[in-house]
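Enquirer:
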Amino acid sequence: MLIAQLSDPHVMAEPDDQAAHALRRAVSHLLELPVLPDLVLITGDCTEHGEVAEYETFRTLIQPLPMPVYVVPGNHDQRAAMLSALGRPGTLGLEGFMQYVVEAGPLRLIGLDTHLPGQDAGELCAARLDWLEDRLTEAPGRPCVIFMHHPPARSSLNVMDGIGLRDPQAFEALLARHSNVERVLTGHLHMAMTRRCGGTLLMTAPGTQHTWLPDLGHPERLSVQLQAPACLLHSWTPDAGLVSFTSVIADRTSPMLDLHDGTAWRS
Numbered sequence: 001m002l003i004a005q006l007s008d009p010h011v012m013a014e015p016d017d018q019a020a021h022a023l024r025r026a027v028s029h030l031l032e033l034p035v036l037p038d039l040v041l042i043t044g045d046c047t048e049h050g051e052v053a054e055y056e057t058f059r060t061l062i063q064p065l066p067m068p069v070y071v072v073p074g075n076h077d078q079r080a081a082m083l084s085a086l087g088r089p090g091t092l093g094l095e096g097f098m099q100y101v102v103e104a105g106p107l108r109l110i111g112l113d114t115h116l117p118g119q120d121a122g123e124l125c126a127a128r129l130d131w132l133e134d135r136l137t138e139a140p141g142r143p144c145v146i147f148m149h150h151p152p153a154r155s156s157l158n159v160m161d162g163i164g165l166r167d168p169q170a171f172e173a174l175l176a177r178h179s180n181v182e183r184v185l186t187g188h189l190h191m192a193m194t195r196r197c198g199g200t201l202l203m204t205a206p207g208t209q210h211t212w213l214p215d216l217g218h219p220e221r222l223s224v225q226l227q228a229p230a231c232l233l234h235s236w237t238p239d240a241g242l243v244s245f246t247s248v249i250a251d252r253t254s255p256m257l258d259l260h261d262g263t264a265w266r267s
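When we follow the UniProt record's numbering, the leftmost residue of the sequence shown carries the number 1, and every step to the right adds one.
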């Protein structure tokens, strides 16, 4: 099974602005992969202002994808408008929030809603955490992948950590009680980061418009170098489990090489 993860497209209502172009390019990138993903996760900030017209543009931009697309809200989204325009996919949803379960072959995917109205930071209140605990408890032998917007752990970039998930310790403690969480996938940072979290791996996705490389020598400043946009690809096999890769989204697709003889076999 192959899962593609996009994040933070920040789409606006205009179908020809920079954000729309970037998401259109990301969709084309997925369609041009040597192996088509089985599904796509978009980990929040689907729109810039959370307006209905923006979600309509967003929906049009992802329409060429033939596989299921699952989204969760970020701080730039608006839950009611998002639910109205896109609906709540999956099953076992939590009333009032965009949380749900997707049974995807060998994996159980759990989408979490970290949106906190009027705030850039995120939150998982007691109701949302209790719901997650139930979903993990009812499938103890099934590998689970959690996807959400706000990272539940520090990134070493102080400014972004200040608008991360509130009370991440409660989330980490919950994870530590369940050995079936294969990965936690998030966005928000516009950069790729991997670290331990509650006994499993936390990964943040690069941005669809651009990727940030932070100035790690000055964590107190939001000083970043803009790099090419990228996405994450998560490949599941029974023997290796979940293995993740970063795929740069370029304006053109580079040829694939057969490294046995050095010749291009796909352009």
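Note that beta-carbon positions come from the ideal geometry of N, C-alpha and C, so glycine has one too. Since this is a predicted model, take the numbers as computed values, not measurements.
Looking at the structure shown, is Ser155 part of a helix, part of a strand, or coil, going by DSSP?
Expert: Of the three classes helix, strand and coil, the one that applies to Ser155 here is coil, per DSSP.
Enquirer: With distance defined between alpha-carbon atoms, name the residue in Met160, Arg195 and Leu189 nearest to Glu172.
Expert: Ranking Met160, Arg195 and Leu189 by Cα distance to Glu172 puts Arg195 first.
Enquirer: Output the distance between the C-alpha atoms of Thr137 and Cys197, rounded to the nearest integer angstrom.
Expert: Roughly 19 angstroms separates the two Cα atoms.
Enquirer: Just tell me which of Gly50, Pro143 and Gly87 has its CA closest to the CA of Asp239.
Expert: Checking every option, the nearest Cα to that of Asp239 belongs to Pro143.
Enquirer: Ordered along the chain, which non-local residues of its own chain (more than five positions away) have a Cβ less than 7 angstroms from that of Tyr100?
Expert: Contacts found: Arg88, Pro89, Gly90, Thr91, Leu92, Gly93 and Gly111.
Enquirer: Out of Arg166, Leu174, Ala4 and His210, state which residue places its alpha-carbon closest to the alpha-carbon of His10.
Expert: Considering only alpha carbons, the answer is His210.
Enquirer: May I ask you to report which of helix, strand or coil DSSP gives Arg195?
Expert: If DSSP states are grouped into helix, strand and coil, Arg195 belongs with the strands.
Enquirer: If we ignore side chains and look at the alpha-carbon of each, how far apart do Ala264 and Pro229 end up?
Expert: At Ala264 the pLDDT is 49, less than 50, meaning the model places this residue with poor confidence; the figure from the coordinates comes in the next sentence. Answer to the nearest angstrom: the Cα atoms are 24 angstroms apart.
Enquirer: Counting beta carbon pairs with one atom in the segment 29-47 and one in the segment 67-82, are three or more of them shorter than 8 angstroms?
Expert: Yes, the segment 67-82 touches the segment 29-47.
Enquirer: In the DSSP assignment, find the alpha helix (DSSP H) that holds Arg29 and state where it starts and stops.
Expert: It should be pointed out that residue 29 corresponds to His in this sequence rather than to Arg. Note, His29: alpha helix (DSSP H), Gln18 to Leu31.
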